[in-house]
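Residue numbers (the working numbering): 1380 to 1524.
Just so it is clear, CB atoms sit at the ideal spot from N, CA and C, and this is done for glycine as well.
Below is one structure, written out as structure tokens; the observations come after it.
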Amino acid sequence: MEAEIVQQMVTSGASSLAGLMATAAWQQVSSRVSQMFGRGAEDEATSTELEVIRAEVLEAGDDEEALADQTAVLRTRLRRLFREHPEAAGELREILAEFTQDSPAPAVTVYHNELRDMTVNGNVIQSGHVGKLVQSDTVNGNLNF
């Protein structure tokens, strides 16, 4: 699997899993996620670790830094899993498709977008759909910083 695709799956998969952990759907999906990490066997240690991460996600509430910490833990776990078992990426995709696709995201059209007169010391991301967050407006015009 191409490194860029794997990294994208790791990042989006970790965010989606953290989002699922904060919902009632986690009760239905947790054993499948545990089996995915345990490679077919629902390992008690894996289940326990996932529940510890979930408790931290729930405790984080609106604390974005605390949530980011737990998402980073999930990214590390997914990166290791995909490196050792590339087929697990397909398993995660199936799980997430089943549990995170309540309805398709609306299409967002960007007619013109510019970033200028600025210094960026990190990533610049533009998205109409991130996890369960849906941007309903169309971005028209310039984004000036």
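Asked	Found
Per-residue DSSP class, three states only, for Glu1463	helix
Three-state class that DSSP yields for Ala1401 in the structure shown	coil
Boundaries (first-last residue) of the alpha helix (DSSP H) holding Arg1433	1423-1439
Exposure of Ser1410, with buried meaning 16 or more beta-carbon neighbours within 10 Å	exposed
CA nearest to the CA of Gln1406, picked from Val1452, Ala1424, Arg1433	Arg1433
When Gln1449, Met1415, Ala1451 are compared against Pro1465, the one with the closest alpha-carbon	Met1415
Residues near Gly1419 in its chain [Cβ-Cβ closer than 6 Å; skip 5 each side]	none
Spatial distance of Ala1439 from Arg1456 (CA atoms)	20 Å
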